[in-house]
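In my numbering, the protein residues as written are 2 to 105. Here the structure is laid out as structure tokens; the discussion comes afterwards.
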Amino acid sequence: AEYDIELPSIYYAHRRRVFRRDGMWMAESPFLQPATDEPVSEQMVRFRTVGDATCTAAIESTATSIEQVIAETAAARITERGATRADDRISEAGMEDRKKQGYF
Numbered sequence: 002a003e004y005d006i007e008l009p010s011i012y013y014a015h016r017r018r019v020f021r022r023d024g025m026w027m028a029e030s031p032f033l034q035p036a037t038d039e040p041v042s043e044q045m046v047r048f049r050t051v052g053d054a055t056c057t058a059a060i061e062s063t064a065t066s067i068e069q070v071i072a073e074t075a076a077a078r079i080t081e082r083g084a085t086r087a088d089d090r091i092s093e094a095g096m097e098d099r100k101k102q103g104y105f
């Protein structure tokens, strides 16, 4: 690496407790709990972006190095927005609406 900047481990795949919601893997947390019809399982996933866990979904992944993350990203056929932004399942402009409301 030209700059030798270490990527924080949160960007790599880990075994996490997740559940499916609207076709996306959401991480179980004190702020986001599954509904009774959303079973929790432990999966190997990572986050393509790091943001608010209540509106950012994980993707199935085994990438545990920067090289593997780059390879996965290069091979991806769906954008981050299409795969992981739960806000956009609420409305087409979900994230933009929250920005206007001062969320960010």
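All C-beta atoms, glycine included, are put in the ideal place defined by N, C-alpha and C. Here the structure is a predicted model, which is why all the values come from computation and not from measurement.
TODO: Grab the span of the beta strand (DSSP E) containing Glu-73 for me, first residue to last.
DONE: Within the sequence shown, residue 73 is the residue found at index 72, counting from 1. First-last for Glu-73: 67-76, but that is the alpha helix (DSSP H), not the beta strand (DSSP E).
Task: Exposed unless 16 or more other CB atoms sit within 10 angstroms - verdict on Gln-102 - done: Against the sequence shown, residue 102 aligns to sequence position 101. Under this definition Gln-102 is an exposed residue.
Open item on the list: Taking the beta strand (DSSP E) that Arg-21 belongs to, which residues open and close that run?
Closed with: Your numbering for residue 21 matches position 20 in the sequence shown. For Arg-21, the uninterrupted beta strand (DSSP E) segment begins and ends at 15-22.
Task: the region 24-36 / the region 47-58 touching (three or more Cβ pairs under 8 Å) - done: Yes: at least three Cβ pairs fall under 8 Å.
Open item on the list: Among the candidates Glu-73, Val-46 and Ala-76, whose CA atom is the shortest distance from the CA of Ala-14?
Closed with: Residue mapping note: residue 14 aligns to position 13 of the sequence shown, counting from 1. Nearest C-alpha to Ala-14: Val-46.
Open item on the list: For Gln-44, report the span of its beta strand (DSSP E) as first-last.
Closed with: By one-based count along the sequence shown, residue 44 stands at place 43. Residue range 42-47 is occupied by the beta strand (DSSP E) that includes Gln-44.
- [ ] Taking only the alpha-carbon atoms, compute the straight-line gap between Arg-18 and Val-41 and give it to the nearest angstrom.
- [x] On the sequence shown, residue 18 is found 17 positions in, with the first residue counted as 1. On the sequence shown, residue 41 is found 40 positions in, with the first residue counted as 1. Between the alpha carbons of Arg-18 and Val-41 lies a distance of about 6 Å.
Open item on the list: For Phe-48 and Tyr-12, which I take to be in contact (beta-carbon distance under 8 Å), what is that distance rounded to the nearest angstrom?
Closed with: Counting from 1 along the sequence shown, the entry for residue 48 is found at position 47. Counting from 1 along the sequence shown, the entry for residue 12 is found at position 11. With a Cβ gap of about 7 Å, Phe-48 and Tyr-12 count as contacting.
Task: Beta carbon of Glu-43 nearer than 9 Å to that of Arg-16 - done: Your numbering for residue 43 matches position 42 in the sequence shown. Your numbering for residue 16 matches position 15 in the sequence shown. A contact, by the Cβ cut-off of 9 Å.
TODO: For Ile-11, name the three-state secondary structure that DSSP assigns.
DONE: Here residue 11 corresponds to residue number 10 of the sequence shown, with the count starting at 1. Ile-11: helix per DSSP, three-state reduction.
Task: In DSSP terms, what Ser-30 is bridged to - done: As a first step, residue 30 must be located in the sequence shown, where it is residue number 29. Listed as beta-bridge partners of Ser-30 by DSSP are Leu-33.
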